[in-house]
Each structure stands twice: as C-alpha cells, then as structure tokens.
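For the sequence shown, position 83 (counting from the first letter as 1) is numbered 83 according to UniProt numbering, and the numbering increases by one without interruption. Ideal Cβ positions, reconstructed from N, Cα and C, are used throughout, including at glycine.
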Amino acid sequence: MRQTNDREWEEVSGALFENSRRQYIDQLRNQVETLRLLMEQAAEEAELEQLRKFYHIVHMIKGSAPILGLARVGAIAARIAEWWEWTGRDYAAFGEGVLYQRYRQSLEGSRYLLEHLWLEAEGCADTFDWGKQQSTGDLSDYRASNGGRILVVEEDAVLRRYLADRLTLEGYEVHCASDRETALTLLQRYDFQLVTLELMLDLEPEPRSRHGLLTSIKREFGLEWIPIIVLSGNGDVQDKINCLQAGADDYLTKPFQYEELSARIYRSIAKSRAYESMAFQDPLTGLYNRRYFDRQVQIEVNRAQNRLGNITLVLIDIDHFKAINDNYGHSTGDSLLQSFSSLLKASFRQADIVARWGGEEFMVIMPNTTESEAEQVIDSIMSKVRENPVLREATADYSITFSAGVAQWVQDVTIEDWIMLADYALYKAKRNGRNRLSRYSRKRRGGVEQ
Numbered sequence: 001m002r003q004t005n006d007r008e009w010e011e012v013s014g015a016l017f018e019n020s021r022r023q024y025i026d027q028l029r030n031q032v033e034t035l036r037l038l039m040e041q042a043a044e045e046a047e048l049e050q051l052r053k054f055y056h057i058v059h060m061i062k063g064s065a066p067i068l069g070l071a072r073v074g075a076i077a078a079r080i081a082e083w084w085e086w087t088g089r090d091y092a093a094f095g096e097g098v099l100y101q102r103y104r105q106s107l108e109g110s111r112y113l114l115e116h117l118w119l120e121a122e123g124c125a126d127t128f129d130w131g132k133q134q135s136t137g138d139l140s141d142y143r144a145s146n147g148g149r150i151l152v153v154e155e156d157a158v159l160r161r162y163l164a165d166r167l168t169l170e171g172y173e174v175h176c177a178s179d180r181e182t183a184l185t186l187l188q189r190y191d192f193q194l195v196t197l198e199l200m201l202d203l204e205p206e207p208r209s210r211h212g213l214l215t216s217i218k219r220e221f222g223l224e225w226i227p228i229i230v231l232s233g234n235g236d237v238q239d240k241i242n243c244l245q246a247g248a249d250d251y252l253t254k255p256f257q258y259e260e261l262s263a264r265i266y267r268s269i270a271k272s273r274a275y276e277s278m279a280f281q282d283p284l285t286g287l288y289n290r291r292y293f294d295r296q297v298q299i300e301v302n303r304a305q306n307r308l309g310n311i312t313l314v315l316i317d318i319d320h321f322k323a324i325n326d327n328y329g330h331s332t333g334d335s336l337l338q339s340f341s342s343l344l345k346a347s348f349r350q351a352d353i354v355a356r357w358g359g360e361e362f363m364v365i366m367p368n369t370t371e372s373e374a375e376q377v378i379d380s381i382m383s384k385v386r387e388n389p390v391l392r393e394a395t396a397d398y399s400i401t402f403s404a405g406v407a408q409w410v411q412d413v414t415i416e417d418w419i420m421l422a423d424y425a426l427y428k429a430k431r432n433g434r435n436r437l438s439r440y441s442r443k444r445r446g447g448v449e450q
C-alpha cells in the first residue's frame, strides 16, 4: 500500500463513480425494457406476481439511480412506485373488487410515467460519454487504514459493485451477496465487523413486517453484536421501527450520499470495537477474555459442523506460576503474563482465538486444524520458551515452562465436554512432569496420549 494525496484520492473516487454510473445506465435501459414488457402483460391479464416484480424493479431504480447521479430517473421511478406500492402489502387485506380497482388505477396512472422513464433513460444514454472507461488501477494501492470486514447485501448489481469498490478504497475487506442464501453462507464462513442490508431483500412476502435475514443474523446465528445498517428505498416510519425492533443498529433511506453511509459505517464499527474492547478483552494481557471465548466457541463449532471441518482446542497453563509470584512478586508475575501472552498471540494464526482462561491459564480455539497440526504449533512455542527467557528486565531474565492439553472436537461431544477433555489432557501433562503436552484421544484406553 502506498500513501496517496487528496487529489489522487478524489481522482480515483471520481473514476469509480463515473464507471459505476456508466454501468448503471446500461443496466437501467434493460430494467426499463423489462418494465415495459411487464406493463404490456399486465394490461392483458393481471398476475399478482408480475405486479410485485414490476413494483420491485421500480422500487430498486428509485433508490439506486439518485445515488449514481441520476436524480430525475429516481424521481420518476418514485412516482411510479407510489402507484404500485400496495402490491407489497398483504393481499388478504383487499377484497377482489378493491384489488381490481387498485390495479386499474395504477395501470392508467403509471403508464405515461413509464414512457417518461424510458425517454429519460434513453436520454441519459445519448448524452453520456461512452468512450474509454476510466482506469482506477489496483484499489489496494489507495487503501486507507480503516480496516475491518464488511458484508454488503444488495440486489442491484451496479450499486453493489460501486459500494464494494468505494469501501475497498477506504481500507475495508468487502464481501458481497445479492440474495439471502449467499449472505448466510458468507456469515457462516467469515467474521464480519458490519453488514449493510437492503431492506427489500429481507422482507418476507407475507407479512411484510417479518425480517428473515436480519432475524437470522441477530438470533439464530448468535451474532447479535454485529452492527447492521439497513438501506431502504422506503421512507416509511413503520418499516424503520420494525427494522430497529428486529435488531438493526442503523437505518438509511435511499437515495443517500455515499459519504453519509461511509460515516455511519465508520462510526458503527468504531463503537462496536470500543464495546468489544471493554467487554471482551482481558485488561492485563490484551487477549480475549473468557466471556468472548464462551461466545465465540459456539460460532466456531457451528462453522465446523456446516463445513464438516476440523477444530481443535488447546488449554495452556504456566508451570509453577504460584512460585513465581511468591519468589519474585506479583508485579513480575503480571509482566510475565503479559510477555507470554504476546508470544502466544504472535505464534498463532489470525483465525485462531487466543483467550485468557483465568489466572495463568490460556485457551486457544484453532479452526480448520487437526490435533496433530495443533501439536506442531504448541511444540514450536515450547521450544521458543525453553530456549529463551520470556521476560527480560534490567536486573534479571525470567524463564518459564508450560503444559498444554489438546483435544479435537468430534460430532457427538458437547462444548462443555470438549472443554473438559482439553482440561483432562492438561491435567495428565502436569501429572506426568509438566513442561509437555498431552492429547486427548478416544483411540487409546484411558483417553490420553502424550
């Protein structure tokens, strides 16, 4: 990554906007042709699903077009959407006569608006410079230092790509989904710091107040701490209330300025990180605490189940730590804990979860890792600790040893029992002389291998 000045940043941002606008105009023309076809079909025979599809496309244009600089297109689409908004409600609320009357009124009221929309779309295409697409280069060269992984759930392909590119430019790692199934798969696979969710994708057909993906993220997946910003083309207050009650952390109505969304994302992630630091970080060592471990272990096991992958637990205990406190004082003991914690954090992968279990004990969750692979990592750390002092001070160097218990998760074991197996393996390691590791294995009688 290289440093960039404000002018370079503006040039790249501007190129991204113009390229996205170019792509959107092309998409818009196809969408309008689809709307005209649906209108013709509706004039001959009204099919409720066709009417819903018509409204869905118009609603999408209403929200996306102004974001990409096509305010007049968005305004026309908004007027058309007003005529067909009733199709998004529960059909059981209407009698057959009322339904037919609404349909005829909407058909007549929006017909000329649709032609106006078509003319506007063609006008945009005629006046736009369709020359060479502007180059943005490799976006990673311009990344800012925000950091964090974001999931963008958005049906509009061009808007989705534009948001992803702008967020990438700001330093985020961005994953995209155009439907619920893809979003749920990504949520199972990665840890996200924030999700942006297009409201129309999250509404169950009937009743409209149910929010499937939002509810799944907050309740079923146990990810209630992930900030979710709902993006909606509806300015309806009740929709906003429903989303916030279902667990959304913020609600932004389309069309919006990208800079406003960017500021809300930055603020939400910053608040979430501050909360996590207070709630889930051990104040002495800077590692995750037991509360975070208890929350995360279930998520990692669920992921292992869904992927049919391996996951291993390692419980580590510093040998004779009480004697260290007694002989050198608690201040030295605390410094040793801090130095050893830094060594552990540097020795494991970013995907591994290293937590202070209590006192001088540490628990490590190692996703996608077999017990043999975990043992190799622990052996390497043990070698470092044996060969070098963990803490160097002006007056003395301090060396330690540690013991470790390793247990690989299997399908028929509860999380509580899995932790007990790692604890039992640690117990055997200490009983057999400390300064070693033991593995829990169901293959051997007695359950533990050294």
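Any non-hydrogen atom of the ligand NAP closer than 7 angstroms to residue i Cβ
| i | result |
| --- | --- |
| Gln238 | Ligands displayed in this structure: none; no statement on the ligand NAP is therefore possible. |
Straight-line gap, residue i to residue j (C-alpha atoms, nearest Å)
| i | j | result |
| --- | --- | --- |
| Ser277 | Asn289 | 10 angstroms |
| Ser125 | Asp26 | First, the residue type needs correcting, since residue 125 is Ala and not Ser in the sequence shown. If I take the Cα positions, the gap works out to 8 angstroms. |
| Pro227 | Ile150 | 10 angstroms |
| Leu28 | Leu167 | 23 angstroms |
| Asn302 | Leu231 | 29 angstroms |
| Arg267 | Glu10 | 22 angstroms |
| Thr312 | Ser347 | 16 angstroms |
| Met363 | Trp86 | 55 angstroms |
| Ser335 | Leu186 | 40 angstroms |
| Leu261 | Gln281 | 29 angstroms |
| Asp165 | Ala263 | 16 angstroms |
| Ala355 | Ile419 | 13 angstroms |
| His270 | Glu416 | In the sequence under discussion, the amino acid at residue 270 is Ala, which differs from the His named in the question. About 33 angstroms. |
| Asp183 | His175 | A small fix is needed here, since residue 183 is Ala in this sequence, not Asp. Looking at the two C-alpha atoms, the distance is approximately 9 angstroms. |
| Leu337 | Thr285 | 7 angstroms |
| Ile299 | Lys322 | 34 angstroms |
| Leu391 | Val12 | 48 angstroms |
| Pro205 | Arg180 | A caution first: Pro205 carries a pLDDT of 42, below 50, which makes its placement in the model unreliable, though a value can still be read off. Computed Cα separation, rounded: 14 angstroms. |
| Val152 | Asp397 | 50 angstroms |
| Val195 | Arg21 | 24 angstroms |
| Gln188 | Ile217 | 10 angstroms |
| Lys240 | Asn234 | 9 angstroms |
| Glu361 | Arg291 | 14 angstroms |
| Ala404 | Cys243 | 46 angstroms |
| Glu115 | Phe54 | 14 angstroms |
| residue 453 | Phe340 | Since the first residue shown for the chain is 1 and the last is 450, residue 453 is missing from the structure and cannot be characterised. |
| Lys345 | Tyr162 | 36 angstroms |
| Glu47 | Glu40 | 12 angstroms |
| residue 481 | Tyr100 | No statement about residue 481 is possible, as the shown extent of the chain runs from 1 to 450 and does not include it. |
| Thr34 | Glu44 | 16 angstroms |
| Asp379 | Ser372 | 10 angstroms |
Closest Cα partner of residue i within the set the options
| i | options | result |
| --- | --- | --- |
| Ala429 | Asp397, Ala374 and Ile316 | Ile316 |
| Val413 | Ala374, Met39, Arg392 and Tyr440 | Tyr440 |
| Ala65 | Glu120, Thr312, Glu173 and Phe321 | Glu120 |
| Gly123 | Leu184, Leu199, Ile217 and Leu70 | Leu70 |
| Arg111 | Ser331, Ala177 and Leu38 | Leu38 |
| Asn19 | Asp379, Gln31 and Leu159 | Leu159 |
| Gly333 | Ile400, Glu371, Pro367 and Asp191 | Ile400 |
| Ala75 | Leu117, Ile353 and Glu361 | Leu117 |
| Arg79 | Gly109, Ser339, Leu184 and Glu8 | Gly109 |
| Thr215 | Gln245, Tyr162 and Gly309 | Gln245 |
| Phe293 | Ser383, Gly358 and Arg273 | Gly358 |
| Asn306 | Glu154, Gln101, Pro367 and Ser106 | Pro367 |
| Asp236 | Gly147, Ser342, Glu82 and Lys384 | Glu82 |
| Leu169 | Arg434, Ser383, Gly148 and Phe192 | Gly148 |
| Ala42 | Gln408, Ser106 and Asp249 | Ser106 |
| Phe402 | Arg349, Lys62, Ile318 and Gln193 | Ile318 |
| Glu49 | Lys62, Trp84, Gly63 and Val73 | Trp84 |
| Val73 | Val98, Leu51 and Tyr24 | Tyr24 |
Opposing strand residues paired with residue i [DSSP bridges]
| i | result |
| --- | --- |
| Val364 | Val314 and Val354 |
| Thr196 | Val152 and Ile229 |
| Ser403 | Asp317 |
| Ser380 | Its beta-bridge partners do not exist; DSSP assigns none. |
| Gln408 | Thr312 |
| Cys124 | Cys124 is not bridged to any residue. |
| Asp26 | Answer is none; Asp26 lacks a bridge partner. |
| Ala177 | Val153 |
| Asp397 | Arg392 |
| Leu437 | Ala404 |
Cβ distance (whole Å) where residue i is taken to contact residue j below 8 angstroms
| i | j | result |
| --- | --- | --- |
| Val406 | Leu437 | 6 angstroms |
| Leu223 | Leu197 | Wrong, their Cβ atoms sit about 13 angstroms apart, outside the cutoff. |
| Phe256 | Ile67 | 7 angstroms |
| Thr370 | Asn432 | Not confirmed; about 23 angstroms, so no contact. |
| Leu252 | Ile229 | 6 angstroms |
| Val314 | Ala351 | At roughly 14 angstroms, the Cβ-Cβ gap does not stay under 8 angstroms, so Val314 and Ala351 are not in contact. |
| Ile365 | Ile353 | 4 angstroms |
For this session: Tell me the start and end of each unbroken beta strand (DSSP E) in the segment 234-319 that is at least 3 residues and wholly inside, in chain order.
Result: 250-253 and 311-318
For this session: Go through the segment 46-90 residue by residue and report every complete run of the alpha helix (DSSP H) that reaches 4 residues or more, in order.
Result: 48-67 and 71-84
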